[in-house]
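Visitor: These protein sequence lines map, in sequence, to chains F and C.
Letter by letter, the first sequence follows residues 1 to 437 in the working numbering.
Letter by letter, the second sequence follows residues 1001 to 1437 in the working numbering.
Virtual Cβ for every residue (Gly too), placed ideally from N, Cα, C.
Okay, here's the structure, questions in a sec.
Number of protein chains: 2
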Amino acid sequence: MGTIEIIEKKKNGEELTYNELKYIVEGYVRGDIPDYQMSAFLMSVFFAGMTKKETADMTKVMAESGDKLDLSEIKGIKVDKHSTGGIGDKTSLIVGPIAAACGLKIAKMSGRGLGYTGGTIDKLESIPGFRTDIDRSEFIKNVKDVGLSIIGQTDSLCPADKKIYSLRDVTATVNSIPLIASSIMSKKLIDGSDRILLDVKCGNGAFMKTLDEARMLAEEMVDIGENIGKHTVAMITDMNKPLGRNIGNSLEVIEALDVLDGKGPKDLKELCLTMAANMIVLGKKADSMDIAMIMAEGAIDDGSAKRKFAEMVKAQGGDQTYVYDTTKFKLSDKVIKVTSPDSGFIVSTNAEEIGRASVMLGAGREKKDSVIDPGAGIIMKKSFGEKVEKGEIIAEVYSSGIEKCQNAEVMLQKAIKIGAEKPAPCKLIYERIEHIR
Amino acid sequence: MGTIEIIEKKKNGEELTYNELKYIVEGYVRGDIPDYQMSAFLMSVFFAGMTKKETADMTKVMAESGDKLDLSEIKGIKVDKHSTGGIGDKTSLIVGPIAAACGLKIAKMSGRGLGYTGGTIDKLESIPGFRTDIDRSEFIKNVKDVGLSIIGQTDSLCPADKKIYSLRDVTATVNSIPLIASSIMSKKLIDGSDRILLDVKCGNGAFMKTLDEARMLAEEMVDIGENIGKHTVAMITDMNKPLGRNIGNSLEVIEALDVLDGKGPKDLKELCLTMAANMIVLGKKADSMDIAMIMAEGAIDDGSAKRKFAEMVKAQGGDQTYVYDTTKFKLSDKVIKVTSPDSGFIVSTNAEEIGRASVMLGAGREKKDSVIDPGAGIIMKKSFGEKVEKGEIIAEVYSSGIEKCQNAEVMLQKAIKIGAEKPAPCKLIYERIEHIR
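And the structure:
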């Protein structure tokens, strides 16, 4: 067995064995297989695909490349939630506290933003003092005491995914369903969770542009989940427009707190309640979705979800006063109000372009070592389907530099289309995929 | 324009522009584009293919990466001959002298062996003293004086092809028709020739396993040739068995000299005469193939072709006495005679496996820096379609080590199949492709 033979086999559409995938992944992590062979392999996977067995094996060998997080000290069913990434997706900040308030123990590792999508860790760090790099014992203690802790991924977990993802990013091999599925699920395999809720984003602001693609990815991941013994539910949700109205780190924490206060945009609130209810059922804190939904709504109405958020902030060193007074968050000082060029309705919003505009403003990373401006971002004053008058403000952009604001204004004018007729409403949740056992 | 965007575009099946191909190839030669991006690009070309325009543009940008060989001092139409590579393919050693004896000026740059196929330069270097690294002025002087000179490719010609070929070799991206076509034709574009005869090998010992593939490659290269203003004829010839009986460097020179003596295997002689006749017509030394065929046969019969070979050897510092007494070539001292396990007919010969056996014996290179043993190789005592008795010698293998001979014996026993019935004869020449202008 050699690297060239394995690439050749994949190229010819044959199924690779567990040992062949292990040879490639382990050899690459060790540095024995060079980048140029791995990138040829990844491109052949993009074209030739992988069978379900190969994707499951790929997930396993990636997971085996590093440590495992042991959460056995935490009693009960641990439910994890993962989103494939979208614009304005601050659901983890809302769903986590609701689920914890309903009795679940949420021990979550999250990523940083890369490309045009944001990351939960960056968002939390916009709360002064909030530490996302606490060690394992403190993490577990917080989950036990508070019911909720969110930390960053450590380097020792899944080094294969880290190294392969970096290479995919620069070799045009990101949008491969087996590679995305194995990347996400390899981290789920070792994060100590028992059950998984996946939020597969679908639309112009997601990796998966069509429902068919999103369904393929969702099915693939649900299959892997069952294959590795973790019951997995996937929801396919809309990303043809940003989720909620705020995009940017401080801005998204503010909006998440609005929802926990019972306010905030309807789409964001509805999605978060549905996801929290799914987690409550997965974690066996309710027998039916109806009951779970009532529990989730109750956790907002009685303020317990918000208190969980505040307790997590305190336990991780963050300034709790920001939670109760969101005017304390400093937004960037340069602002441009983007106005509508016409009267009519917002008939399309290119979420990917809006995401790119937010990165340009400083809310995300253009490169891995870019520094984030927590106060930068976009407030969508008008959203998909809404009526606007010519000259009316449709968005506000915040940045440290006026030029960046000007560039973002141009990008937003292109990304948001105004039409004469009100468009048909967009679905929020397309499908829910669960394999009944 | 950026590298990732260009890979993405090719991956999505779009046609790249001349400037995009130039960006990729030049950037790679300069070292600005890393191997891992180039290999992802090459794999995407393997899968997505290239249009005729892209392949022609790729050929041009590769040719533009280095120097051009100026042969304008040599009068007359310069005809070049190129084989895509096979086992026992010593045609250049025979066709060159015949064509030169018929009045053509043959200024040929050849390659070394790599993988399971041999190289003309390695074969010539088995003649003691023969120098293949003479400089341009000596090369041109020899062509003028003798009518024939064969030298190795210099590094300054087509550095892009050199660098890209090395990468393809280790990333399983060799067998791509546009990449093979542009690699071969980029060198033809700058080698000073006016017209080109291509020998596209087809069969189990060639890159192109089927006639359809061989035809696609041939058509592609003929198109490029016409596109770059060099009239090009392609012959598709058989490589389901080694050409002639001898495989190995000294062994192939001996067999080539046999043919120039009017002896040697029928298939090899017939192919060489047909190819020489095509070159004579391309070089306008005859009006018809019939007349050219008579001229080529005459050059063997009257000894003038052999004299050309001897003159070339002398001009390039080689020991001419070897040409007239081939028993002077020392074969390797370890020999095993491979015998037939059954009585019957040779019904199939896996030429690629036989080629690999010869490399293992020391006749070729397993890696780029492997040292060749000029005396190593294989004599096929029996060939495809011939009758054999059980225990009769079907091949002899020569090497410096007895273990290598034993390994080669095992490989040959697998590669050569004996059956009860005489197989249908195999065609020598499948097709001739020429675009009438």
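Would you kindly work out how many angstroms separate the C-alpha atoms of residue 21 of chain F and residue 63 of chain F, rounded to a whole number?
Guide: The count along the first sequence starts at 1 and reaches residue 21 of chain F at position 21. The count along the first sequence starts at 1 and reaches residue 63 of chain F at position 63. For residue 21 of chain F and residue 63 of chain F, the distance between alpha carbons rounds to 12 Å.
Visitor: To the nearest angstrom, how far is it from the Cα of residue 5 of chain F to the Cα of residue 1199 of chain C?
Guide: For the purposes of this step, residue 5 of chain F is taken as residue 5 along the first sequence, with counting starting at 1. For the purposes of this step, residue 1199 of chain C is taken as residue 199 along the second sequence, with counting starting at 1. If I take the Cα positions, the gap works out to 28 Å.
Visitor: By a C-beta neighbour count over all protein chains shown, 10 Å radius and 16 as the cutoff for buried, is residue 1001 of chain C buried or exposed?
Guide: Numbered from its first residue, the second sequence carries residue 1001 of chain C at position 1. Burial call: exposed.
Visitor: Would residue 1072 of chain C be called buried (16 or more neighbouring beta carbons within 10 Å of its own) or exposed?
Guide: Counted from its first residue, the second sequence places residue 1072 of chain C at position 72. Around the Cβ of residue 1072 of chain C, a 10 Å sphere holds fewer than 16 other Cβ atoms; the residue is exposed.
Visitor: Any C-beta of chain C sitting closer than 8 Å to the C-beta of residue 40 of chain F?
Guide: One-based indexing of the first sequence puts residue 40 of chain F at position 40. Chain C contact via Cβ: present.
Visitor: Would you grab the beta carbon distance between residue 1102 of chain C and residue 1280 of chain C for me? Rounded to a whole angstrom, and I think it's under 8 Å.
Guide: In the second sequence, residue 1102 of chain C corresponds to position 102, counting from 1. In the second sequence, residue 1280 of chain C corresponds to position 280, counting from 1. Contact flag correct, Cβ pair sits at about 5 Å.
Visitor: With DSSP as the reference, label residue 16 of chain F as helix, strand or coil.
Guide: For the purposes of this step, residue 16 of chain F is taken as residue 16 along the first sequence, with counting starting at 1. In this structure, residue 16 of chain F counts as coil in the three-state DSSP scheme.
Visitor: Helix, strand or coil for residue 1369 of chain C? Go by DSSP, reduced to three states.
Guide: Numbered from 1 along the second sequence, position 369 holds the residue referred to as residue 1369 of chain C. Reduced to three states, the DSSP call for residue 1369 of chain C is coil.
Visitor: Suppose contacts are defined by Cβ-Cβ distances below 8 Å. Is residue 1381 of chain C in contact with residue 1346 of chain C by that definition?
Guide: Looking up residue 1381 of chain C in the second sequence gives position 381. Looking up residue 1346 of chain C in the second sequence gives position 346. The answer is no: Cβ separation not under 8 Å.
Visitor: What's the gap between the Cα of residue 129 of chain F and the Cα of residue 135 of chain F?
Guide: Counted from its first residue, the first sequence places residue 129 of chain F at position 129. Counted from its first residue, the first sequence places residue 135 of chain F at position 135. One C-alpha to the other measures close to 16 Å.
Visitor: Out of C/1421, C/1069 and C/1296, which one is the CA nearest neighbour of residue 1140 of chain C?
Guide: The count along the second sequence starts at 1 and reaches residue 1140 of chain C at position 140. Ranking C/1421, C/1069 and C/1296 by Cα distance to residue 1140 of chain C puts C/1069 first.
Visitor: Comparing C-alpha positions only, which one of C/1435, C/1362 and C/1402 sits nearest to residue 1122 of chain C?
Guide: Within the second sequence, the letter at position 122 stands for residue 1122 of chain C. Comparing Cα-Cα distances from residue 1122 of chain C to each of C/1435, C/1362 and C/1402, the minimum goes to C/1362.
Visitor: Measure the C-alpha to C-alpha separation of residue 1348 of chain C and residue 1389 of chain C and round it to an integer number of angstroms.
Guide: Translated into the one-based positions of the second sequence, residue 1348 of chain C becomes position 348. Translated into the one-based positions of the second sequence, residue 1389 of chain C becomes position 389. Computed Cα separation, rounded: 16 Å.
Visitor: If you compare alpha carbons, which of F/294, F/195, F/151 and F/397 is closest to residue 76 of chain F?
Guide: To locate residue 76 of chain F, count along the first sequence from 1; it is residue 76. The shortest Cα separation from residue 76 of chain F among F/294, F/195, F/151 and F/397 belongs to F/195.
Visitor: With H, G and I counted as helix, E and B as strand and the rest as coil, what does DSSP make of residue 1080 of chain C?
Guide: Position 80 of the second sequence, counted from the start, is the residue given in the question as residue 1080 of chain C. If DSSP states are grouped into helix, strand and coil, residue 1080 of chain C belongs with the strands.
Visitor: Pick from F/312, F/92, F/99 and F/424: whose alpha carbon is nearest that of residue 142 of chain F?
Guide: Translated into positions along the first sequence, residue 142 of chain F becomes position 142. Answer by Cα proximity: F/312.
Visitor: Who are the near neighbours of residue 1258 of chain C in its chain, counting only those whose CB is closer than 6 Å to its CB and skipping five residues on each side?
Guide: Taking the second sequence and counting its residues from 1, the one referred to as residue 1258 of chain C is at position 258. Same-chain partners within the cutoff: 1264.
Visitor: Terminal residues of the continuous alpha helix (DSSP H) containing residue 1258 of chain C?
Guide: Here residue 1258 of chain C corresponds to residue number 258 of the second sequence, with the count starting at 1. Segment 1249-1260, the alpha helix (DSSP H) holding residue 1258 of chain C.
Visitor: Taking CB distances under 8 Å as the criterion, tell me whether residue 1171 of chain C reaches chain F.
Guide: Here residue 1171 of chain C refers to the residue found at position 171 of the second sequence. By this cut-off, residue 1171 of chain C is an interface position.
Visitor: With H, G and I counted as helix, E and B as strand and the rest as coil, what does DSSP make of residue 1109 of chain C?
Guide: Your numbering for residue 1109 of chain C matches position 109 in the second sequence. Residue 1109 of chain C: strand per DSSP, three-state reduction.
Visitor: Any idea what DSSP makes of residue 1157 of chain C, helix, strand or coil?
Guide: Within the second sequence, numbered from 1, the residue matching residue 1157 of chain C stands at position 157. In this structure, residue 1157 of chain C counts as coil in the three-state DSSP scheme.
Visitor: Could you please tell me which residues of the region 409-437 of chain F, in chain order, have their CB closer than 7 Å to any CB of chain C?
Guide: none
Visitor: Quick one: what does DSSP say residue 1116 of chain C is sitting in, helix, strand or coil?
Guide: On the second sequence, position 116 is the one that residue 1116 of chain C refers to. Residue state, collapsed to three classes: coil.
Visitor: Scan the region 333-411 of chain F and note each continuous alpha helix (DSSP H) run of 4 residues or more that stays entirely inside, going in chain order.
Guide: 351-361
Visitor: Can you tell me where the alpha helix (DSSP H) with residue 224 of chain F in it begins and where it stops?
Guide: As a first step, residue 224 of chain F must be located in the first sequence, where it is residue number 224. Looking at the DSSP string, the run of the alpha helix (DSSP H) that includes residue 224 of chain F is 211-227.
Visitor: Which two residues bound the contiguous alpha helix (DSSP H) that contains residue 1189 of chain C?
Guide: Locating residue 1189 of chain C in the second sequence gives position 189, counting from the first residue. Unbroken alpha helix (DSSP H) run through residue 1189 of chain C: 1177-1190.
Visitor: Between C/1372, C/1025, C/1206 and C/1417, which lies nearest to residue 1089 of chain C when the distance is taken from Cα to Cα?
Guide: Here residue 1089 of chain C corresponds to residue number 89 of the second sequence, with the count starting at 1. Residue C/1206 is the option with its Cα nearest to residue 1089 of chain C.
Visitor: Taking the alpha-carbon of residue 443 of chain F as reference, which of F/174, F/180 and F/157 has the nearest alpha-carbon?
Guide: Here chain F has residues from 1 to 437 only, and residue 443 of chain F is not among them.
Visitor: Does the beta-carbon of residue 1442 of chain C have 16 or more other beta-carbons within 10 angstroms, so that it is buried, or is it exposed?
Guide: Beyond the ends of chain C as shown, which are 1001 and 1437, falls residue 1442 of chain C; an answer cannot be given.
Visitor: Cα separation between residue 1067 of chain C and residue 1186 of chain C?
Guide: One-based indexing of the second sequence puts residue 1067 of chain C at position 67. One-based indexing of the second sequence puts residue 1186 of chain C at position 186. When rounded, the distance between both Cα atoms is 11 Å.
Visitor: Looking at the unbroken beta strand (DSSP E) that takes in residue 125 of chain F, where does it start and where does it end?
Guide: Position 125 of the first sequence, counted from the first residue, corresponds to residue 125 of chain F. Note, residue 125 of chain F: premise wrong, no beta strand (DSSP E); not H, not E.
Visitor: What's the call for residue 1420 of chain C, buried or exposed, on a 16-neighbour Cβ count within 10 Å?
Guide: Here residue 1420 of chain C refers to the residue found at position 420 when the second sequence is read from its first residue. Exposed: under 16 other Cβ atoms inside 10 Å.
Visitor: Is the shortest distance between the beta-carbon of residue 1043 of chain C and the beta-carbons of chain F less than 8 Å?
Guide: Here the question's residue 1043 of chain C lines up with position 43 in the second sequence. Closer than 8 Å to some Cβ of chain F, the Cβ of residue 1043 of chain C qualifies, so yes.
Visitor: Would you say residue 438 of chain F reaches chain C, if we count a Cβ-Cβ gap shorter than 8 Å as a contact?
Guide: Shown here, chain F extends from 1 to 437; a query on residue 438 of chain F therefore has no answer.
Visitor: Run through DSSP, which three-state label would residue 170 of chain F get?
Guide: On the first sequence, residue 170 of chain F is found 170 positions in, with the first residue counted as 1. Residue 170 of chain F: coil per DSSP, three-state reduction.
Visitor: From the DSSP output, in three-state form, read off residue 1286 of chain C for me.
Guide: Locating residue 1286 of chain C in the second sequence gives position 286, where the first residue counts as 1. Coil at residue 1286 of chain C, not helix or strand.
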